[in-house]
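Respectively, the protein sequence lines represent chains A and B. The first sequence: position 200 = 859 (this note's numbering), numbered continuously. The second sequence: position 66 = 725 (this note's numbering), numbered continuously. Cβ atoms here follow ideal geometry from the backbone N, Cα and C, with glycine treated the same way. Just so you know, these numbers come straight off a predicted model, no measurement behind them. A short write-up of the structure that comes next.
2 protein chains.
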Amino acid sequence: MTTDTKRAVVLLSGGLDSATTLALAKNDGYACYCLSLDYGQRHRVELEAAAQVARALGAAEHRVLALDLAAFGGSALTDIQIHVPTEASAGIPITYVPARNTILLSLALAWSEVLGARDIFIGANAVDYSGYPDCRPEYIAAFEQLANLATKAGVEGARFRVRAPLIDLSKAEIIRRGAALGVDYALTLSCYQADAAGRACGLCDSCRLRKKGFDEAGYPDPTPYR
Amino acid sequence: MTTDTKRAVVLLSGGLDSATTLALAKNDGYACYCLSLDYGQRHRVELEAAAQVARALGAAEHRVLALDLAAFGGSALTDIQIHVPTEASAGIPITYVPARNTILLSLALAWSEVLGARDIFIGANAVDYSGYPDCRPEYIAAFEQLANLATKAGVEGARFRVRAPLIDLSKAEIIRRGAALGVDYALTLSCYQADAAGRACGLCDSCRLRKKGFDEAGYPDPTPYR
Chain A
660 MTTDTKRAVV
670 LLSGGLDSAT
680 TLALAKNDGY
690 ACYCLSLDYG
700 QRHRVELEAA
710 AQVARALGAA
720 EHRVLALDLA
730 AFGGSALTDI
740 QIHVPTEASA
750 GIPITYVPAR
760 NTILLSLALA
770 WSEVLGARDI
780 FIGANAVDYS
790 GYPDCRPEYI
800 AAFEQLANLA
810 TKAGVEGARF
820 RVRAPLIDLS
830 KAEIIRRGAA
840 LGVDYALTLS
850 CYQADAAGRA
860 CGLCDSCRLR
870 KKGFDEAGYP
880 DPTPYR
Chain B
660 MTTDTKRAVV
670 LLSGGLDSAT
680 TLALAKNDGY
690 ACYCLSLDYG
700 QRHRVELEAA
710 AQVARALGAA
720 EHRVLALDLA
730 AFGGSALTDI
740 QIHVPTEASA
750 GIPITYVPAR
760 NTILLSLALA
770 WSEVLGARDI
780 FIGANAVDYS
790 GYPDCRPEYI
800 AAFEQLANLA
810 TKAGVEGARF
820 RVRAPLIDLS
830 KAEIIRRGAA
840 LGVDYALTLS
850 CYQADAAGRA
860 CGLCDSCRLR
870 KKGFDEAGYP
880 DPTPYR
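The following block contains the structure:
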């Protein structure tokens, strides 16, 4: 990386969407500073996937911040007493983690400001998704507006952009774009209740959307199921 | 507390402003769930002040979350290599912590949603303040708008309110209001570089604004200076 390379912060969960987002950011010429959150998630093994993806795709840096959202609970992903649904449900499912993307984007904003980065990439998607409110385009636009009011850099004239390049793509389209850029989806982990070896349940919302994506894209699904 | 008491999340740093905000929220009849952040701040002793203030003012609960913002640095409050200024400076001072209020409000939003609270109190002030961008009324309004887009509760019709009751008060007015509600300011700690015993420097921005406030309010300053 030369000192002229423009920097971006990329939120990286270790899943299919964020891996593709990283590949797109890298392809746009950014030096990518990847941020993951160890927040007490049930599928904490995704953090190992995130580290592998960051390495494979040539991230400039990968940081994992710890923040115990399980102390708040209120989600099947942070409270092991709450069962992860294995069938589609009406409305926003119990796997919704209160304010998660707002917390993630605020941390990305903090790091961006320190790095002198102006672009924040997030793998939010509003097509083949679980209906989470903080994945919708109007939410992303509102956070971008906030970012410019919230920061010293914004007040001084910089313009932060929150980039969600997957927002209106189907899962199949996401997979096709990523595959064209050399993403190895075998490294990614999407399952909400993956076991310690990273094997997926095949039944949760996230597994079902992923499976459907590989089917529709006509790619072999590399996911290890248990 | 009866189950009918409406709940609020109150961001509590341990300083004068957030203590007054808690007293105002309590006086408005809220059961107050206080949230503090152990973020690697230089003046970490403020967390002990926060605990004492929460107890003295009858908070329903006080939680301290840990999140290492010092890993990002970029502020005199999180990087001990950067000197805390002891004279007023032009522009936004180096004590600004990138995206701090956005991080704090996003955590408060997460807890609020789980608690079923709809009101988030923050002691932001835009009169006798350091010029931080994330203390301005337009910032607070933008976060409130975001909160309602970001959350399941918001989508389902709830309305979160971000309440900054001090936003247009002078420091002297804040002190008068708090004193009238029985706030013991001797428990609060404002100094950016207080020592481990909680003694203030008397020189930093925060100390100077506090001193001026007690002078103008005509109250004896209870701050222990070193």
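Determine the contact status of D864/B and A747/B, defining contact as a CB-CB distance below 8 Å.
yes
Less than 6 Å between C-beta atoms, sequence neighbours within five positions excluded: which residues of the same chain meet that for P883/A?
R858
Quick one: residues in its chain with C-beta nearer than 8 Å to the C-beta of D697/A, no 5 flanking neighbours on either side, listed in chain order?
R703, L706, V723, L724, A725 and L726
Inter-stretch contact (C-beta, 8 Å, three-pair minimum) for the stretch 793-807 of chain A and the stretch 840-854 of chain A
no
Against chain A: residues of the stretch 731-761 of chain B by CB proximity under 9 Å:
F731, G732, G733, S734, G750, I751, Y755, V756, P757, A758, R759, N760 and T761
Let's test the definition: count the other Cβ atoms within 10 Å of the Cβ of I739/A and tell me whether it reaches 16, buried, or not, exposed.
exposed
For C691/A, which of helix, strand or coil comes out of DSSP?
strand
Skipping 5 residues on each side, what residues in its chain have a beta carbon closer than 6 Å to that of A837/A?
In the sequence under discussion, the amino acid at residue 837/A is Gly, which differs from the Ala named in the question. Counting only Cβ-Cβ distances below 6 Å, and skipping sequence neighbours, we find T679 and A682.
Can you confirm whether L617/A, when its beta carbon is compared against all beta carbons of chain B, has any partner nearer than 8 Å?
Nothing can be reported for residue 617/A: it is not among the residues displayed for chain A, which extend from 660 to 885.
Comparing C-alpha positions only, which one of A667/A, A812/A and A749/A sits nearest to E815/B?
A749/A
In the DSSP assignment, what are the bridge partners of F819/B?
BP columns for F819/B are empty, so no partner.
Check the Cβ of Q700/A against every Cβ in chain B and list those closer than 9 Å, keeping chain order.
What Q700/A touches in chain B: nothing, since even the nearest Cβ is about 14 Å away.
Taking 7 Å as the cut-off, is the CB of A747/B close to at least one heavy atom of the ligand FMN?
The ligand FMN is absent from the structure shown, which contains no ligands of any kind.
So with Cβ pairs under 8 Å, would you call M660/B a contact of chain A?
Legend: pLDDT at M660/B = 43, less than 50; position of this residue unreliable, value from coordinates given subsequently. So no, M660/B is outside the interface.
Determine the DSSP secondary structure at C866/B, reduced to helix, strand or coil.
helix
Looking at chain B, which residues of the stretch 765-791 of chain A have a Cβ within less than 7 Å of any of its Cβ atoms?
S765, L766, L768, A769, W770, E772 and V773
Cβ-Cβ distance between A729/B and G699/B below 8 Å
yes
Excluding five sequence neighbours on each side, which residues of the same chain lie with their C-beta closer than 6 Å to the C-beta of D874/B?
none
Distance between I826/B and A719/B (C-alpha atoms, nearest Å)
24 Å
Given this structure, state the Cα-to-Cα distance separating K811/A from G775/B, to the nearest angstrom.
33 Å
Helix, strand or coil: how does DSSP classify R836/A here?
helix
Hey, how far is the Cα of A708/B from the Cα of V743/B?
21 Å
Of all Cβ atoms in chain A, is any one closer than 8 Å to the Cβ of L805/B?
yes
Who are the Cβ neighbours of T664/A in its own chain at under 6 Å, not counting the five residues just before and after it?
A690
Closest by CA to A800/B, which one among L848/B, T761/B, K830/B and Y755/B?
T761/B
State buried or exposed for N601/B, treating a residue as buried only when at least 16 other CB atoms are found within 10 Å of its CB.
Lying outside 660 to 885, the shown extent of chain B, residue 601/B is not represented and no answer is given.
Could you pull out every residue in the same chain whose Cβ sits closer than 8 Å to the Cβ of M660/A, ignoring the five residues on either side in sequence?
Low confidence applies to M660/A: its pLDDT is 43, below 50, so where it sits in the model is not reliable, and the reading given next is rough at best. Answer for M660/A: A690 and A719, listed in chain order.
Kindly indicate if chain E contains any beta-carbon less than 8 Å away from that of F802/A.
No chain E is present in this structure, whose protein chains are A and B.
Under DSSP, the alpha helix (DSSP H) around F802/B begins and ends at which residues?
P796 to A809
Just checking my contact of G733/B with P757/B at CB under 8 Å: how many whole Å lie between their CB atoms?
5 Å
Can you say whether D778/B is buried or exposed, counting buried as having 16 or more other CB atoms within 10 angstroms of its CB?
buried
Would you mind working out which of S677/B, H721/B and I751/B sits nearest G813/A, comparing C-alpha positions?
I751/B
Applying the 10 Å Cβ sphere with the 16-neighbour rule, what's the burial state of D854/B?
exposed
Rounded to whole angstroms, what is the Cα-Cα separation between E832/B and F731/A?
35 Å
Considering only the alpha carbon of each residue, which of S695/B, R666/B and K871/B lies closest to I834/B?
K871/B
Does the CB of T810/A have a neighbour CB from chain B at under 8 Å?
yes
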